[in-house]
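In numbering that gives the first Met the number 0, the protein residues as written are 0 to 133.
All C-beta atoms in this analysis are idealised placements derived from N, C-alpha and C, irrespective of residue type, glycine included.
For reference, the structure is listed below as structure tokens.
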Amino acid sequence: MDLELALRMCEAAVKQAGREGAKISVAVVDTGGHLVAFQRMDGAAIAGPVLAPGKAYTSVANRVPTAVLAELTKPGGELAGLPGDRFVCLGGGLPLWSDQGENGRVAGGVGVSGGTVAQDVACAEAAALVWRTR
């Protein structure tokens with residue numbers, strides 16, 4: 000993950016947000032969950048600067064989309080109690096896989112916050128497409 004690629008990913012998410020009618024924050028992190036790039040659209044919710052990087056980090060740390068964790072962390076779920084100070088288990092975070100695919104290693108993550116869950120996921124997918132087609 001490098002800055003140029005991370006910025007292109009942010010831009011793709013912001014463009015998708017425009018198509019979705021959402022105002023988002025988007026974060027891209029590296030394999031260690033460290034922030035590489037962040038953008039917040041004018042008028043985006045104030046929680047985005049916390050939630051978007053949190054979703055990106057959570058997807059890297061757990062190697063799954065945060066939408067999957069949202070289901071697993073509900074009361075009575077297999078991972079109930081997982082969310083805490085660092086994990087954000089709401090849809091909109093995606094791990095980014097190395098060239099070996101999902102059986103390989105996580106090379107980074109993207110997190111989006113500010114729209115509906117469906118909008119956040121769509122924007123994260125737009126950013127992930129830039130990663131996959133780099």
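Worksheet entry | Whole-angstrom C-beta distance between P52 and A26, which should lie under 8 Å | Contact flag correct, Cβ pair sits at about 4 Å.
Worksheet item: Are the CB atoms of G108 and A21 nearer to each other than 8 Å?
Response: Not closer than 8 Å, so no.
Worksheet item: Does DSSP put S58 in a helix, in a strand, or in coil?
Response: The answer is helix: DSSP assigns S58 an H, G or I state.
Worksheet entry | Residues near G90 in its chain [Cβ-Cβ closer than 7 Å; skip 5 each side] | Cβ neighbours of G90 beyond the five flanking positions: T65, A66, A69, V116, D119 and V120.
Practice prompt. Return the Cβ separation of V59 and T30 in integer angstroms, given the expectation that the two are a contact with Cβ distance under 8 Å.
Written response: So it is a contact: roughly 7 Å between Cβ atoms.
Discussion item. In whole angstroms, give me the CA-to-CA distance for K54 and E77.
Written reply: Near 19 Å, if we compare the C-alpha coordinates of E77 and K54.
Worksheet item: Does the beta-carbon of A79 have 16 or more other beta-carbons within 10 angstroms, so that it is buried, or is it exposed?
Response: Exposed.
Worksheet item: First and last residue of the beta strand (DSSP E) that includes R7?
Response: R7 -> not in any beta strand (DSSP E); alpha helix (DSSP H) instead, spanning L2 to E19.
Worksheet item: With respect to the beta strand (DSSP E) encompassing V105, which residues constitute its N-terminal and C-terminal limits?
Response: Element bounds for V105: V105 to S112.
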